[in-house]
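Written below as structure tokens is the structure these notes are about.
Numbering (this note's numbering), first residue to last: 572 to 1055.
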């Protein structure tokens, strides 16, 4: 096994997806004097938007908030398709010269902080090499889920199935489902995207769900954005629509917390109006939990409801008894014949891309740490990570983290500091890292850091509040400790 020579960067960014490209672009704009590199485990940039190739893949947040604050989204689609988002991310990387700083097929396996040297030594796998890099600040932008494997439970009798069984995260290139019977297992954002995308070509598509999700139809093209675009510059129009989208999302979430019963009734009424008279909305589109206890699904121009209305697709709410050679037998006794089964059963979370963190040789046990402003870890120096919102656009939070890092780097330079670390506070009570009841979250909470019961250890999942706390909050709050 060969070892490449060690090189040093002021900032090392892990991940060349939406967050990592945005982080690097912020460094270029705010700190052009800083040296940086991006290490990316995969062979291409774009993260999620390069990985997912299933039919109809699209954003589940509007592009006016999923887009970067500093680069207006140029398209007309509010919920954009995956290839368009990927092109936008890569265009941003090229515009800021970020693409020249990406090291592909470089997977971070470990990172150790050396207090004496005030730097991280990062161990990276590149082919058959072990590459070591050092950096003053480690910025992890690898997201929080496992890029290598989604959540895929074993189904009874699946070995007997004679058709094709796949997970959306590993969509086979060239899969032809034309004229075939398709069953999509799941009720989340991926499932409600796949069903209307596959229905026109397939013989029939069935969405098989154990528990319904809340599904809300939104306009594919934002009419306010269209009107403003005719009168204002691209940046000005984008800023205004972005703020409109932020306020609407916050309002919807706050409404769901304060009057869940009322919102449940309104969502049911909207769904009922979008489907044929007599459709069993209570069985198929009325979850047993309140809105935003799990992430809500948005469908552009009601495309899911359209294919359910014209009969090219259906929703079945039941549980799987067993797979059969020709399909799936349900607990009710009904059999669903299928040529293709798509297990849209969710994601698997993987904090920090699976890398092992240590401080002066002592491994950091993530479940025993507490998150500072959901972007640093107590007791871990010079480490920042980017994790987006669960109840709003990912990029809203990613932009706030980038602004925080830019301010922090300026503060360190101005005062001659080399290190910064949030210090633990034993008086703060622990809370789960994510306040969401989705399966992919609940399955992984015991492997994630904790958050606290008050600021700055607790974020309200509210962009307006977090904007004050992260973008404008004091860097001398008594929690952050500095050293030279």
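No residue lacks a Cβ here, since even glycine has one placed at the ideal position from N, Cα and C. As the structure is a computational prediction, the values presented were derived from the model and not from experiment.
Nearest to residue i (by Cα), restricted to the options the options
i, options, result
"residue 637", "959, 784, 917 and 989", "959"
"residue 950", "806, 919, 928 and 892", "928"
"residue 734", "596, 934, 909 and 1047", "909"
"residue 651", "628, 612, 672 and 696", "628"
"residue 900", "829, 831 and 754", "754"
"residue 975", "992, 1023 and 1043", "1043"
"residue 973", "640, 729 and 620", "640"
"residue 599", "663, 684 and 746", "663"
"residue 730", "888, 894 and 692", "894"
"residue 773", "617, 626 and 854", "626"
"residue 919", "642, 665, 700 and 738", "738"
"residue 520", "757, 922, 1037 and 775", "Given a span of 572 to 1055 for the chain in the structure shown, any question on residue 520 remains unanswerable."
"residue 657", "718, 673, 606 and 592", "592"
"residue 836", "825, 850, 861 and 817", "861"
"residue 1065", "847, 848 and 869", "For the chain, the structure presents residues 572 to 1055; residue 1065 sits outside this window and is missing."
"residue 922", "715, 710 and 684", "715"
"residue 903", "917, 1041, 888 and 916", "888"
"residue 866", "853, 795, 873 and 761", "761"
"residue 694", "744, 615 and 583", "583"
"residue 661", "620, 971 and 803", "620"
DSSP state of residue i mapped onto helix, strand, coil
i, result
"residue 765", "helix"
"residue 893", "strand"
"residue 1047", "coil"
"residue 650", "coil"
"residue 884", "strand"
"residue 924", "helix"
"residue 914", "strand"
"residue 573", "Since pLDDT at residue 573 reaches only 48, below the 50 mark, its modelled position is unreliable, and the value read off the structure follows with that caveat. Coil."
"residue 919", "coil"
"residue 630", "coil"
"residue 935", "coil"
"residue 1031", "coil"
"residue 875", "helix"
"residue 744", "coil"
"residue 1040", "helix"
"residue 1053", "strand"
"residue 590", "helix"
"residue 1019", "coil"
"residue 749", "coil"
"residue 655", "helix"
"residue 857", "coil"
heavy atom of the ligand SAM below 7 angstroms from residue i C-beta
i, result
"residue 596", "No copy of the ligand SAM appears in this structure; indeed no ligand is present at all."
Residue i classed as buried or exposed, judged by whether at least 16 other C-beta atoms fall within 10 angstroms
i, result
"residue 782", "exposed"
"residue 986", "exposed"
"residue 932", "exposed"
"residue 966", "buried"
"residue 814", "exposed"
"residue 968", "buried"
"residue 770", "buried"
"residue 611", "buried"
"residue 708", "buried"
"residue 572", "Per-residue confidence for residue 572 stands at a pLDDT of 43, beneath the threshold of 50, marking its modelled position as unreliable; the derived number appears in the next sentence. Exposed: under 16 other Cβ atoms inside 10 Å."
"residue 1093", "Absent from the structure is residue 1093, since the part of the chain shown begins at 572 and ends at 1055."
"residue 778", "buried"
"residue 1135", "Limits of the chain in this structure are 572 at one end and 1055 at the other, which puts residue 1135 out of reach."
"residue 1021", "buried"
"residue 765", "buried"
"residue 851", "exposed"
"residue 704", "buried"
"residue 874", "buried"
Through-space distance from residue j to residue i, alpha-carbon basis
i, j, result
"residue 706", "residue 856", "50 angstroms"
"residue 914", "residue 725", "10 angstroms"
"residue 823", "residue 845", "20 angstroms"
"residue 668", "residue 954", "24 angstroms"
"residue 943", "residue 801", "43 angstroms"
"residue 623", "residue 1055", "44 angstroms"
"residue 829", "residue 962", "15 angstroms"
"residue 886", "residue 780", "7 angstroms"
"residue 881", "residue 897", "25 angstroms"
"residue 945", "residue 877", "39 angstroms"
"residue 799", "residue 686", "52 angstroms"
"residue 811", "residue 930", "44 angstroms"
"residue 1091", "residue 792", "The question about residue 1091 has no answer, for the chain in this structure spans 572 to 1055."
"residue 807", "residue 644", "12 angstroms"
"residue 858", "residue 721", "24 angstroms"
"residue 884", "residue 577", "56 angstroms"
"residue 684", "residue 935", "10 angstroms"
Legend entry - Every unbroken alpha helix (DSSP H) within the segment 670-742, with a cutoff of 4 residues, ordered by chain: Along the segment 670-742, the alpha helix (DSSP H) does not occur as any fully enclosed run of 4 or more residues.
Inset, instruction - Could you name each continuous alpha helix (DSSP H) segment of 4 residues or more that falls completely within the segment 780-852, going from the start of the chain to the end? - result: Runs of the alpha helix (DSSP H) spanning 4 or more residues and lying entirely within the segment 780-852 occur at 794-802, 805-829 and 831-845, in chain order.
Legend entry - Entirely enclosed beta strand (DSSP E) segments - the segment 592-623, minimum 3 residues: Complete beta strand (DSSP E) runs here, min 3: 607-611.
Legend entry - Segments of 4+ residues assigned as alpha helix (DSSP H) that fall wholly inside the segment 940-999: If we require 4 residues or more, the alpha helix (DSSP H) runs fully inside the segment 940-999 come out as 965-986.
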